[in-house]
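Q:
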Amino acid sequence: MILYRTASGWIVSTNKGLFHAPGASLTTMEDLESYLSSYVGGDPYDGNFTPLPPIENQEVWAAGVTYSRSRTARMDESQSSGGGDFYDRVYTAERPELFFKAVPRRVVGPGQKVRIRADAKWNVPEPEFTLLISPRGKILGYTIGNDMSSRDIEGENPLYLPQAKVYDGSCAIGPGILVTSEPLSPGTRIQIEIRRGAKTAFAGATALSEMKRDFRTLVDYLYRETSFPDGCLLMTGTGVVPPDEFTLDHGDEISITVDGIGTLQNTVE
Ligand code: DO4
Ligand code: MG
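Residue numbers for the sequence shown follow the numbering used here, beginning at 1257 and rising by one.
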């Protein structure tokens, strides 16, 4: 079942139809799946809706260099600054790279604008499997994230990472959350297409099986010494990076699709 946040509350979508799921702080419930199941077949929702970003009071965190493709990209972009070795080492280290990405007010949802920094010249979207995690560290479900990034800024110096990653319009999440206690199958694909005018400027895909680390280990590290009373959303890293000569432009349309979850679509402001 997929959970959507809308202007008129939460809606759960199943093969039986759409139903209202009442309540606040739904996404922090340890038993979210059974709570939602109890509303399937109840109060039907008829009509169209525009999904809002599926977030309440969670912080958004992100993992980095979890795919070989990301390691190569990071090493390439930081070659001249001597930072490449850092990324090679973090790829094989036991401790993953985890960084703070966004507070809820900085998250945009489907159909909303993402942004590129005015002081950056090399900007890319990063399509990422994104986890909804409960306050106790249980993985409640899966959604889609776009970790917008400025490659020239992070490449200039690894210490500039927060500026490359955290700015207005840098974090898109949605459209809904696949709520399930089943793990995602390793064959699950994440695809991206960037349209510029009538043309595809870039398209690529990867599968969960290409990821070096597993979701559980990332969550365990994140929750080691940090409490999340409202739960957390964790972007789990990108395995798709456009070629080095590619940079985003204003007006580009970014569509990120995950089988069984949906498509997160945003335009670059
Ligand atoms: O280390 C830089 C960030 C990498 C990242 O965001 C990713 O691999 O997705
Ligand atoms: Mg990323």
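We put the CB at the ideal spot given by N, CA and C, even for glycine.
Here's a check: name, in chain order, each residue in its chain whose Cβ is nearer than 6 Å to the Cβ of E1525, leaving out the five neighbours to either side.
A: Stepping through the sequence shown from its first residue, residue 1525 is reached at position 269. These residues qualify, in order along the chain: K1369 and R1371.
Q: Comparing alpha-carbon positions, which option in I1433, V1496 and H1506 lies nearest G1518?
A: Within the sequence shown, numbered from 1, the residue matching residue 1518 stands at position 262. Nearest C-alpha to G1518: I1433.
Q: Using the beta-carbon count (16 or more within 10 Å), is D1476 buried or exposed?
A: Residue numbering aside, residue 1476 sits at position 220 when the sequence shown is read from its first letter. By the neighbour-count rule (16 or more Cβ atoms within 10 Å), D1476 is not buried but exposed.
Q: May I ask you to check if the CB of F1355 is nearer than 8 Å to at least one heavy atom of ligand 1?
A: Numbered from its first residue, the sequence shown carries residue 1355 at position 99. At least one heavy atom of ligand 1 is nearer than 8 Å to the Cβ of F1355, so yes.
Q: Return the residue from the list G1339, I1311 and R1351 that minimises the CA-CA distance to R1480.
A: Position 224 of the sequence shown, counted from the first residue, corresponds to residue 1480. Comparing Cα-Cα distances from R1480 to each of G1339, I1311 and R1351, the minimum goes to R1351.
Q: Can you give the Cα-Cα distance for D1332 and Y1295, rounded to whole angstroms?
A: As a working note, residue 1332 is residue 76 in the sequence shown. As a working note, residue 1295 is residue 39 in the sequence shown. If I take the Cα positions, the gap works out to 50 Å.
Q: Starting from G1432, trace the beta strand (DSSP E) both ways and give me its first and last residue.
A: On the sequence shown, residue 1432 is found 176 positions in, with the first residue counted as 1. Here the beta strand (DSSP E) through G1432 covers C1427 to V1435.
Q: Go ahead and label E1384 buried or exposed: buried means 16 or more other beta carbons lie within 10 angstroms of its beta carbon, across all protein chains shown.
A: In the sequence shown, residue 1384 corresponds to position 128, counting from 1. So E1384 ends up on the buried side.
Q: Taking just the CA atoms, how far does V1268 sit from I1258?
A: Locating residue 1258 in the sequence shown gives position 2, where the first residue counts as 1. Locating residue 1268 in the sequence shown gives position 12, where the first residue counts as 1. Roughly 6 Å separates the two Cα atoms.
Q: State the beta-bridge partners of K1369 as determined by DSSP.
A: To locate residue 1369, count along the sequence shown from 1; it is residue 113. T1523, per the DSSP bridge assignment.
Q: Report yes if the C-beta of T1399 is less than 8 Å from at least one heavy atom of ligand 2; otherwise report no.
A: Position 143 of the sequence shown holds residue 1399. It does not: the Cβ of T1399 is nowhere closer than 8 Å to a heavy atom of ligand 2.
Q: For a test of your reading of the model: does the CB of M1491 fall under 8 Å from any non-hydrogen atom of ligand 2? Yes or no.
A: Here residue 1491 corresponds to residue number 235 of the sequence shown, with the count starting at 1. True, at least one ligand heavy atom lies under 8 Å from that Cβ.
Q: Count the other CB atoms, across all protein chains shown, that sit within 10 Å of the CB of Q1314; report buried if there are 16 or more and exposed otherwise.
A: Your numbering for residue 1314 matches position 58 in the sequence shown. When all chains shown are included, Q1314 counts as buried.
Q: Apart from the five residues on each side of it in sequence, which residues of its chain come closer than 7 Å, Cβ to Cβ, to I1395?
A: As a working note, residue 1395 is residue 139 in the sequence shown. Around I1395: L1387, I1389, F1471 and V1475.
Q: Return the first residue and the last residue of the alpha helix (DSSP H) that L1292 is part of.
A: As a first step, residue 1292 is located in the sequence shown; it is residue number 36 there, counting from the start. Element bounds for L1292: L1288 to S1293.
Q: Just the Cα atoms here: how many angstroms apart are V1346 and D1500?
A: By 1-based counting over the sequence shown, the position of residue 1346 is 90. By 1-based counting over the sequence shown, the position of residue 1500 is 244. Cα-Cα distance, rounded: 21 Å.
Q: Can I1448 and G1430 be called in contact, C-beta distance under 9 Å?
A: For this step, residue 1448 is matched to residue 192 along the sequence shown. For this step, residue 1430 is matched to residue 174 along the sequence shown. No, the pair does not count as a contact, with Cβ atoms beyond the cut-off.
Q: Please write down, chain order preserved, every residue whose beta carbon lies under 5 Å from a heavy atom of ligand 2.
A: After applying the 5 Å Cβ criterion, the set is E1382, D1403 and T1494.
Q: Using DSSP's beta-bridge definition, name the partner residues of M1491.
A: The residue given as residue 1491 occupies position 235 in the sequence shown. Partner(s): A1318 and T1386.
Q: Where does T1283 land, buried or exposed, given buried means 16+ other C-beta within 10 angstroms?
A: Position 27 of the sequence shown, counted from the start, is the residue given in the question as residue 1283. T1283 is buried by the Cβ-count criterion.
Q: Using 8 Å for Cβ pairs, my map puts L1520 next to N1379. What's the rounded Cβ distance?
A: Numbered from its first residue, the sequence shown carries residue 1520 at position 264. Numbered from its first residue, the sequence shown carries residue 1379 at position 123. Rounded, the Cβ-Cβ distance is 17 Å, inconsistent with contact.
Q: Name the one or two DSSP bridge partners that N1402 has.
A: Along the sequence shown, read from residue 1 onward, the residue named residue 1402 stands at position 146. According to DSSP, which records beta bridges pairwise, N1402 is partnered with P1383 and A1428.
Q: Ligand 1 heavy atoms versus the CB of L1387: any closer than 8 Å?
A: Translated into the one-based positions of the sequence shown, residue 1387 becomes position 131. Because no heavy atom of ligand 1 lies under 8 Å away, the Cβ of L1387 does not count as near it: no.
Q: For R1480, is the beta carbon positioned less than 8 Å from some heavy atom of ligand 1?
A: Within the sequence shown, the letter at position 224 stands for residue 1480. Answer for R1480: no, Cβ out of range of ligand 1.
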